[in-house]
Structure formats: C-alpha cells, structure tokens
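Beneath this line is the structure, given in structure tokens, with notes to follow.
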Amino acid sequence: MRHRKSFNHLGRTSAHRKAMLSNMASSLILHKRITTTVAKAKALRGYIEPLITKSKEDTTHSRRVVFSYLQDKDAVTELFREVSKKIGDRPGGYTRIIKLGNRVGDNADMAMMELVDYNEHLLKETSTKKTTTRRRRGGKKKTTTETAHVAAVKEEVVEEKVEETPKADAEAPAAETKEGPKSEAKKEEKAEGETNAEK
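The sequence shown runs contiguously to residue 261 in my numbering.
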C-alpha cells in the first residue's frame, strides 16, 4: 500500500530513480530543453527547482550541495555561471512543461520541459504586452476626465440638433428627398446653362 506517499515512484527503485532524475536535470541545465513523459517531467520539476534556487547564492557550500545531486561538473558550472544570472530576479517557477500529445509506440503522454528564461519567443511576447493584475467584468472603467469629455460632446450634439431643426427647414428636406438627387443635379445643370447663355 502507498497511503500518504506524495511522490511518484515512476516504477523504479530508489537508486534508479535518483540516477535518472540526476541525469535529466543535468541535461535540462546543459540543453535548456528536453522531451520526456509528463510524469517524469513533473517529478523532475520538484527535483530541479530547489537546485536552481540554491544556485542564486554562489558559495562553495551551495556548489557542493548541488553537485551531490547532479554528479556532473559541467552542469554545475553552467548552472552557477549562466542560469543563475538569468533567473536572479525570478522568485520561483523556473521551468515550464508543455504537453505534446501521445507517443506513437506506447501511447504515453509526452511533454517538453524547458527553462522559462531561455524561450526567446515567449519573452518577446511578454515584453510587448502590458500586464494587468485586475480585470473588471464590465470592461474598462472610464476616468473622470473621459466621462466629462463625453458629457460635453453629447451636450454640443444636442444643441446643434436643436438649432438645425426649425419648422420651415424641417419641411424643405422632406420635399428634396421626394425629388431625389437626380432632380437636384438637373437643376444645377439648368442654372449653369443659363449663366453660360447670359455670357
């Protein structure tokens, strides 16, 4: 029985599981992106993120602690020299898991795991977009200056409509609309012909 055991054994013995996670963590640090199953990626996330946090403090002790997990000098050097500089401001969440669908052979759920700060495409998109922390259901709330401006424009429009529609003028447009635009064009042609004849 595995009551209250919160981690995934991944169908391996303890030594095999530790060796596998160590190799996967080293590969992720060196290559910045690996493809594996979703279960292994989730197990790796809990394994590597404390090591990345440890790399923020570059001391001999922290290097030795990280080396005891990774067992790879190149990976430790890369982690403390390059990766720790990029993730210095980030408070956590250094990795991203992107699901890729199922594997052809055994139909296992596959995923791509990457270090967040090394995906250039997503970094460009986030830098151009504005990040807002609050969202309203009713849309964007107008400021007081915007509402005052809108009210002033509405008042101007109402005043213009009142001035433009006296009773005599209101009847004239109705007569013009009955005649149509063609009759107006004919009237203009006649007026031009009369002025040419006078000349």
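The beta carbon of each residue, even a glycine, is placed where N, CA and C say it ideally should be.
Using C-beta distances below 6 Å, list every residue in its chain close to residue i, excluding the 5 sequence neighbours before and after it, in chain order.
i: S124; result: K116
i: E182; result: none
According to DSSP, simplified to helix, strand and coil, what is residue i?
i: N169; result: coil
i: T157; result: strand
i: G73; result: coil
i: E251; result: helix
i: R150; result: Checking the sequence shown, residue 150 turns out to be Gly, not Arg. In the structure shown, G150 sits in coil (DSSP, three-state: anything other than H, G, I, E or B).
i: N181; result: coil
i: E176; result: strand
Beta-carbon within less than 8 Å of residue i's beta-carbon, same chain only, minus the 5 sequence neighbours each way: which residues are those?
i: L162; result: T97, M172, A173 and M174
i: L113; result: A87, V128, Y131, L132 and L141
i: G154; result: E111 and T115
Taking the alpha helix (DSSP H) that residue i belongs to, which residues open and close that run?
i: T139; result: K135 to E140
i: S68; result: Segment: none, S68 is in no alpha helix (DSSP H) and carries neither H nor E.
i: T122; result: T122 to L132
Take residue i as the anchor and find which of the options has the nearest alpha-carbon.
i: L177; options: I110, V100, S84 and T99; result: I110
i: L106; options: T122, H71, D168 and T121; result: H71
i: D120; options: Y156, S146 and I91; result: S146
i: R79; options: H65, G155 and A103; result: A103
i: L90; options: R158, R152, R126 and H65; result: R158
i: R74; options: L92, A101 and H65; result: A101
i: L92; options: E251, P153, E144 and A170; result: E144
i: N85; options: R66, H65, V138 and M63; result: V138
Does the distance from the CB of residue i to the CB of residue j come in under 9 Å?
i: D134; j: S68; result: no
i: R165; j: T122; result: no
i: Y156; j: D179; result: yes
i: I160; j: K118; result: no
Between which two residues does the beta strand (DSSP E) harbouring residue i extend?
i: I96; result: R95 to T99
Flag residue i as yes if its beta-carbon sits less than 9 Å from any beta-carbon of chain C, otherwise no.
i: R107; result: No chain C is part of this structure, which consists of one protein chain only.
Please work out which residues of its chain come closer than 7 Å, Cβ to Cβ, to residue i, disregarding the five sequence neighbours upstream and downstream, and give them in chain order.
i: L83; result: A105, L106 and Y109
i: K94; result: E176, L177 and Y180
i: E251; result: none
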